[in-house]
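Chains as they are written, first to last, in our numbering: chain A, 26 to 411; chain B, 26 to 131.
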Amino acid sequence: MRHYGHEGPITLVGAEPLLPYQRPPLSKAWLKGEADEDELQLRPPSFYAENDIHVRLGVRATRIDREARTVALSDGEVLRYDALIIATGARARRLGLPGAHMARTLELRTVADAEMLKASIAPGKRLAIVGGGYVGLEVAASARALGAEATVIEREPRILARVAGPLLSDFFTGYHHKHGVRFELDAAVEALEGADGEVAAVRLEGGREIPCDLVLIGVGALPNQELAQEAGLECDNGIVVDEQARTSDPAIFAVGDVTRRPLPLYGRSFRLESVPNALEQAKQAAAAITGHKPPPHEVPWFWSDQYDLKLQIAGLPFDVDDLIVRGDPSSARFAVFHMKGDAIQAVEAINSPAEFMGGKLLIGAQRPVSREKLADPSISMKEVAT
Amino acid sequence: MTKITYIEFDGTEHPVEVRNGLTVMEGAIKNNVPGIDADCGGACACATCHVYVDEAWREKTGTASAMEESMLDFAQNVQPNSRLSCQIKVTDALNGLIVRMPEEQH
């Protein structure tokens with residue numbers, strides 16, 4: 026907003042007691058002790074003062090009155106607004122498992138969650154991870170680096186089932202296996218078992234038990250859309266917004282994990298959970314509120330770091346006809362292109378930044394490519410992309 | 026502390042002190058220097074912390090890794106002195122460093 030020249034007052038309300046921080050390192054560098062709290066901060070404290078942003082931390086927005094254009098806060102204050110941006114994010118999905126109230130049963134969304142996890146992971150400790158998604162796998166990799174044991178329990182027959190193709194799932198399973206992670210696939214969790222209020226095992230359907238010292242539940246996220254819902258804004262697994270991040274009320278915008286947004290490249294709407302998505306929508310909202318022209322569309326992208334692997338994904342695998350694999354999966358350096366005819370819909374790149382960057386460029390341009398060149402790693406991505 | 030001067034595309038200079046051990050990208054963020062987006066927070070995953078290293082400092086800032094090189098290959102307006110600032114660690118040897126920012130990071 027300030028960048029676009031907005032001079033009026035800005036108030037930032039946050040339920041957590043901390044200034045805005047980066048969440049991605051919580052399962053990676055921060056968990057392994059490679060980054061401190063100072064490095065997590067999105068902006069230094071001076072940023073808010075210098076930009077005249079009034080920050081209200083540890084306070085929750087409880088109710089929006091659209092007619093009066095006010096937001097009520099949990100401490101009783103009522104804020105007036107000309108424009109309102111909802112950026113409440115998502116929360117960890119809970120399974121409602123019997124026993125989930127026991128100590129050392131954790132989830133990972135916030136610094137507070139991450140601190141508990143960090144305090145519990147130590148050499149020799151047995152960590153059971155329910156859910157083979159990115160959070161679970163990143164924590165498994167970090168736990169192994171810290172000398173703990175890790176078992177990933179996944180309901181589907183393969184890990185990353187919701188977010189990646191089978192080739193990638195197989196590759197990651199193999200790589201984690203090599204690093205000592207155990208897997209229970211196709212395994213439904215029935216309950217958490219323990220004694221004296223402390224978790225001691227995960228019981229699978231069929232009765233088998235996985236003994237553990239702590240449990241991490243990482244089974245996806247739900248949008249924190251209640252505030253919007255109660256105000257009568259259109260919601261559908263996420264607050265529904267347009268290409269300018271505007272909700273069904275023209276004075277209210279929503280950005281980030283909490284939204285269901287249009288994806289012009291794919292002709293549909295979707296709820297994305299990623300930092301780049303939040304940043305893109307933040308620019309859309311700020312441009313719309315300050316009367317600037319909308320920023321150009323960006324290709325959705327994601328990244329994950331596990332062991333010495335850098336996974337970068339661009340695009341979304343909608344309407345895919347077939348796959349083109351570039352490079353050799355056994356070399357831990359390859360890319361999987363999801364194709365719709367001669368057009369790339371998505372690329373999953375392992376330790377292959379050129380494939381990621383080139384793929385992202387081509388997806389954005391919606392330009393057909395030569396399938397033969399794409400499949401041939403001896404031809405540079407630069408050449409494929411031009 | 027190491028002195029680094031960040032120069033915006035429009036010529037605005039930001040001389041700041043950066044703690045050793047941080048990256049040149051983090052030095053910009055921590056000092057509220059505009060012009061470096063760093064969308065991925067320093068994971069060498071996005072190429073939005075692109076800077077041009079002043080000629081006099083190219084040797085001292087070292088060379089880009091293969092990973093960084095590949096990312097830069099597809100960034101906008103790349104020059105021979107282009108680097109990703111999240112990949113340059115600040116040390117005493119960089120005292121006085123000058124980097125310039127491109128017009129856009131996207």
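Glycine included, C-beta positions come from ideal geometry on N, C-alpha and C.
Quiz item: Can you list the residues of chain A that residue 36(B) reaches, using a CB-CB cut of under 9 Å?
Solution: Result: empty, since nearest Cβ-Cβ is about 18 Å, beyond 9 Å.
Quiz item: Closer than 9 Å, Cβ to any Cβ of chain B: which residues of the segment 395-409 of chain A, in chain order?
Solution: 405, 406 and 407
Quiz prompt | Within the segment 102-178 of chain A, ranges of the alpha helix (DSSP H) (whole runs, at least 4 residues) | solution = 136-145 and 159-170
Quiz item: Taking 8 Å as the CB-CB limit, is residue 107(B) close to chain A?
Solution: no
Exercise. Classify residue 378(A) as buried or exposed, calling it buried when 16 or more other Cβ atoms lie within 10 Å of its own Cβ.
Key: buried
Quiz item: Which ranges would you report for the beta strand (DSSP E) in the segment 325-381 of chain A if only whole runs of at least 3 residues count?
Solution: 326-331, 334-340, 347-353, 358-365 and 368-375
Quiz item: With a cut-off of 8 Å, does the C-beta of residue 45(B) fall near any C-beta of chain A?
Solution: no
Self-check item: Any C-beta of chain A under 8 Å from that of residue 102(B)
Solution: no
Quiz item: Along the segment 46-68 of chain B, what residues have a CB closer than 9 Å to any CB found in chain A?
Solution: 47, 51, 54, 55, 56, 57, 59, 62, 64, 65, 66, 67 and 68
Self-check item: Candidates 74(B), 103(B), 118(B) and 125(B), of which the one nearest residue 112(B) by Cα
Solution: 74(B)
Quiz prompt | Own chain, CB closer than 7 Å to residue 365(A), minus 5 neighbours either side, in chain order | solution = 344, 345 and 346
Quiz item: For residue 353(A), which residues from the same chain have a beta carbon less than 7 Å from its beta carbon, with the 5 sequence-adjacent residues on both sides left out?
Solution: 359
Practice problem: Using beta-carbon positions only, say whether residue 258(A) and residue 274(A) come within less than 8 Å of one another. | Solution: yes
Quiz prompt | Integer Cβ distance of residue 178(A) from residue 137(A), believed to fall under 8 Å | solution = So it is not a contact: roughly 24 Å between Cβ atoms.
Practice problem: Report yes or no: do three or more beta-carbon pairs, one from the segment 240-250 of chain A and one from the segment 153-163 of chain A, lie closer than 8 Å? | Solution: yes
Quiz item: At a CB-CB cut-off below 8 Å, which residues of chain A make contact with residue 79(B)?
Solution: Near residue 79(B) there are no residues of chain A at all, since even the closest Cβ is about 25 Å away, more than 8 Å.
Quiz item: residue 121(A): buried (16+ other C-beta within 10 angstroms of its C-beta) or exposed?
Solution: exposed
Exercise. Name, in chain order, the residues that DSSP records as bridge partners for residue 392(A).
Key: Paired residues: none, contrary to the question.
Self-check item: Buried or exposed (CB count within 10 angstroms, at least 16 for buried), residue 102(B)
Solution: exposed
Quiz item: In three-state terms, what does DSSP make of residue 219(A)?
Solution: strand
Quiz prompt | Backbone CA spacing between residue 51(A) and residue 29(A) [nearest angstrom] | solution = 31 Å
Quiz item: DSSP on residue 309(A), reduced to helix/strand/coil?
Solution: helix
Quiz item: When the distance is taken between beta carbons, is residue 400(A) closer than 8 Å to residue 349(A)?
Solution: yes
Quiz prompt | Interface residues of chain B facing residue 386(A) [CB-CB closer than 7 Å] | solution = 99
Quiz item: What whole-angstrom Cβ distance do residue 310(A) and residue 278(A) have, given they're in contact under 8 Å?
Solution: 4 Å
Quiz item: Start and end of the alpha helix (DSSP H) containing residue 198(A)?
Solution: 191-203
Quiz item: What do you reckon, are the CB atoms on residue 166(A) and residue 331(A) nearer than 8 Å?
Solution: yes
Quiz item: Are the beta-carbon atoms of residue 414(A) and residue 217(A) separated by less than 8 Å?
Solution: Nothing can be reported for residue 414(A), as the shown portion of chain A is limited to 26 through 411.
Quiz item: Among residues of its own chain, excluding the 5 on either side of residue 256(A), which ones have a beta-carbon nearer than 7 Å to its beta-carbon?
Solution: 89 and 91
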